[in-house]
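**Q** According to the numbering used here, the sequence shown holds residues 671 to 991 in order. We treat Cβ as the ideally placed atom computed from N, Cα and C, and that holds for glycine.
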Amino acid sequence: MSTYRQISLFPEFSEKTKLSNLVNVASVPQRSPFRYPGGKTWFVPTFRRWLASMNTQPRILVEPFVGGGIISLTALFENLVEKAVIVELDDEVAAVWEAVINGAAEWLANRILAFNLTKEAVLEELQKTPATKREKAFQTILKNRTLHGGILAEGSRFIKHGENGKGICSRWYPKTLANRLINLNHVVSRIDFRNDDGLKVMAEFSTSEEAVYFIDPPYTAGGKKAGKRLYKYHHLDHEYLFTICESLKVDFLMTYDDSEEVKQMARRHGFQMRLIPMKNTHHATMKELVIGRDLSWLDELNAVQEPETKYWVKELKREKS
Ligand SMILES: C[S@@+](CC[C@H](N)C(=O)[O-])C[C@H]1O[C@@H](n2cnc3c(N)ncnc32)[C@H](O)[C@@H]1O
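1. Within the same chain, show all residues whose beta-carbon is closer than 8 Å to that of I829, passing over the 5 residues directly before and after it, in chain order.
2. Going by other Cβ atoms of all chains shown within 10 Å of its Cβ, with 16 needed for buried, is Q664 buried or exposed?
3. Go through its chain and collect everything with a Cβ distance to E989's Cβ below 8 Å, but skip five positions before and after it.
4. For V757, is the beta carbon positioned less than 7 Å from some heavy atom of ligand 1?
5. What I want to know is whether the C-beta of F735 ends up closer than 7 Å to one or more non-hydrogen atoms of ligand 1.
6. Taking the C-alpha atoms as reference points, what is the distance between A765 and E790?
7. According to DSSP, simplified to helix, strand and coil, what is G868?
8. Shortest alpha-carbon distance to V732 belongs to which of V757, E748, I740, K710?
9. If you reduce the DSSP assignment to three classes, tell me which class P947 lands in.
10. Taking the alpha carbon of W712 as the reference point, which residue from N725, R729, S723, T744 has its own alpha carbon closest?
11. Threshold first: 3 residues or longer. Then list the beta strand (DSSP E) segments lying entirely within the region 872-922, N to C.
12. To the nearest angstrom, report how far apart T802 and M935 are at their CA atoms.
13. Give the single residue among F717, P715, N786, L822 whose Cα lies nearest to the Cα of G737.
14. Decide yes or no for the touch test of the region 856-874 against the region 713-724: beta carbon pairs closer than 8 Å, at least 3 of them.
15. Does the beta carbon of L959 fall short of 7 Å from some heavy atom of ligand 1?
16. Determine whether the beta carbon atoms of L847 and V770 lie at a separation below 8 Å.
17. Please work out which residues of its chain come closer than 7 Å, Cβ to Cβ, to E776, disregarding the five sequence neighbours upstream and downstream, and give them in chain order.
18. For I782, I'd like the list of residues in its chain whose CB is within less than 8 Å of its CB, leaving aside the five on either flank, ordered along the chain.
19. Cα separation between H856 and R938?
20. From L793 to V763, what distance separates their C-alpha atoms?
21. G819 bridges to which residues according to DSSP?
22. Report the residue from P800, V698, K710 whose alpha carbon sits nearest the alpha carbon of E958.
Structure below.
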């Protein structure tokens with residue numbers, strides 16, 4: 671069973687940080703071949719609850735910013751939806767999804783198993799211009815597993831020390847990776863992958879009565895810099911994204927960083943918000959903003975709080991005066 675731990679958002683005012691339950695990320699099967707910056711493995715239990723709260727099981731899940739894809743993969747493996755439409759703009763990340771979709775999962779798995787990983791071998795491999803999509807996919811996996819934080823964006827450096835001082839090899843688990851890739855063959859026929867702009871694909875499905883959306887856009891936290899460090903594509907018209915969300919026929923669930931700008935946008939568009947504080951695999955505290963039309967299904971979870979915004983407080987003051 672998944673568990674949560676509540677963390678006070680205003681510790682100076684609370685008597686004690688109330689402990690209840692904590693999401694156990696280890697209980698979520700790791701299905702993605704990526705270690706993805708901003709990956710949503712920890713959000714899987716909440717995502718499952720969202721789908722379970724619906725009166726009708728949706729047929730299609732659209733994930734317009736798929737990255738490592740743990741949410742869509744979970745939905746497919748657990749038969750929560752029939753089909754997933756997943757979108758990613760980054761051509762390197764896309765190469766992996768495309769290779770898998772086009773039947774090269776086993777080839778990739780064998781390529782990984784046969785690779786003798788040393789820093790020199792990685793450098794030599796990454797200097798090559800990939801002749802095929804599958805070679806490009808292999809290079810992406812190699813980078814994702816040897817660069818600090820799995821970050822593919824420009825300026826990323828190799829892992830120096832890593833786990834137990836294993837340096838560049840510390841995130842290279844060839845057998846696990848190969849198994850995950852081969853396992854994807856079980857759901858591959860139900861994936862519609864697009865190397866495209868997520869906003870465009872959302873608009874395409876906006877009138878569908880069968881589609882729901884899990885939306886995890888590149889972040890703006892810490893100004894434009896944070897998003898830029900993590901992803902090659904980090905510019906996004908967030909206002910337009912919110913406008914599209916308003917037009918969607920069925921439901922959506924959006925996760926964002928806890929930023930004032932985002933909260934104001936959500937209020938302007940009439941959406942509800944909750945703040946989910948939790949610990950990630952590295953025991954670091956994360957506060958994630960969840961946005962949707964009706965989030966009452968989230969209120970039974972202890973770890974959820976309606977965030978106060980400076981904007982909202984100002985509005986209340988204005989009302990009172
Ligand atoms: C926060 S990450 C998603 C992480 C994902 N939820 C996971 O669990 O791995 C956002 C992703 O959106 C991608 N992206 C940025 N702009 C995009 C766009 N306009 N269309 C599609 N993908 C985009 C980035 O490359 C990045 O992979």
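**A** With the structure as the only source:
1. To locate residue 829, count along the sequence shown from 1; it is residue 159. Result list for I829: T816, L817, H818, G837, I838, S840, R841, in chain order.
2. Since the displayed the chain opens at 671 and closes at 991, residue 664 lies outside it and no answer follows.
3. To locate residue 989, count along the sequence shown from 1; it is residue 319. With a pLDDT of only 49 at E989, under the threshold of 50, the placement of this residue in the model should not be trusted, and no figure is reported.
4. On the sequence shown, residue 757 is found 87 positions in, with the first residue counted as 1. Answer for V757: yes, Cβ within range of ligand 1.
5. Your numbering for residue 735 matches position 65 in the sequence shown. Yes.
6. In the sequence shown, counting from the first residue as 1, residue 765 sits at position 95. In the sequence shown, counting from the first residue as 1, residue 790 sits at position 120. Near 24 Å, if we compare the C-alpha coordinates of E790 and A765.
7. Working through the sequence shown from its first residue, we reach residue 868 at position 198. It is helical.
8. What you label residue 732 is simply residue 62 of the sequence shown in a count that begins at 1. Out of V757, E748, I740, K710, V757 has the C-alpha closest to the C-alpha of V732.
9. As a first step, residue 947 is located in the sequence shown; it is residue number 277 there, counting from the start. Correct three-state label for P947: strand.
10. Taking the first residue of the sequence shown as position 1, residue 712 is located at position 42. The alpha carbon of W712 has as its nearest neighbour, out of N725, R729, S723, T744, the alpha carbon of T744.
11. Segments of the beta strand (DSSP E) lying fully in the region 872-922: 881-885.
12. Reading the sequence shown from its first residue, position 132 is the one you call residue 802. Reading the sequence shown from its first residue, position 265 is the one you call residue 935. In this structure, the alpha-carbon of T802 lies about 42 Å from that of M935.
13. Taking the first residue of the sequence shown as 1, we reach residue 737 at position 67. Of all alpha-carbon atoms in F717, P715, N786, L822, the one lying nearest the alpha-carbon of G737 is that of L822.
14. Touching, no, given that fewer than three Cβ pairs across the two stretches are closer than 8 Å.
15. Counting from 1 along the sequence shown, the entry for residue 959 is found at position 289. No.
16. What you label residue 847 is simply residue 177 of the sequence shown in a count that begins at 1. What you label residue 770 is simply residue 100 of the sequence shown in a count that begins at 1. In this structure, V770 does not lie closer than 8 Å to L847 by Cβ.
17. On the sequence shown, residue 776 is found 106 positions in, with the first residue counted as 1. Short of 7 Å from the beta carbon of E776, and not among the five residues preceding or following it, lie these beta carbons of its own chain, in chain order: I852.
18. In the sequence shown, residue 782 corresponds to position 112, counting from 1. These residues qualify, in order along the chain: F808, I811, P844, L847, A848, L851.
19. On the sequence shown, position 186 is the one that residue 856 refers to. On the sequence shown, position 268 is the one that residue 938 refers to. Separation of H856 and R938 (C-alpha to C-alpha, rounded to the nearest whole angstrom) is 42 Å.
20. Taking the sequence shown and counting its residues from 1, one reaches residue 793 at position 123. Taking the sequence shown and counting its residues from 1, one reaches residue 763 at position 93. Using only the alpha carbons, I get a separation of about 19 Å.
21. Reading the sequence shown from its first residue, position 149 is the one you call residue 819. Beta bridge pairing from DSSP links G819 with no other residue.
22. Translated into positions along the sequence shown, residue 958 becomes position 288. Ranking the options by Cα distance to E958, first place goes to K710.
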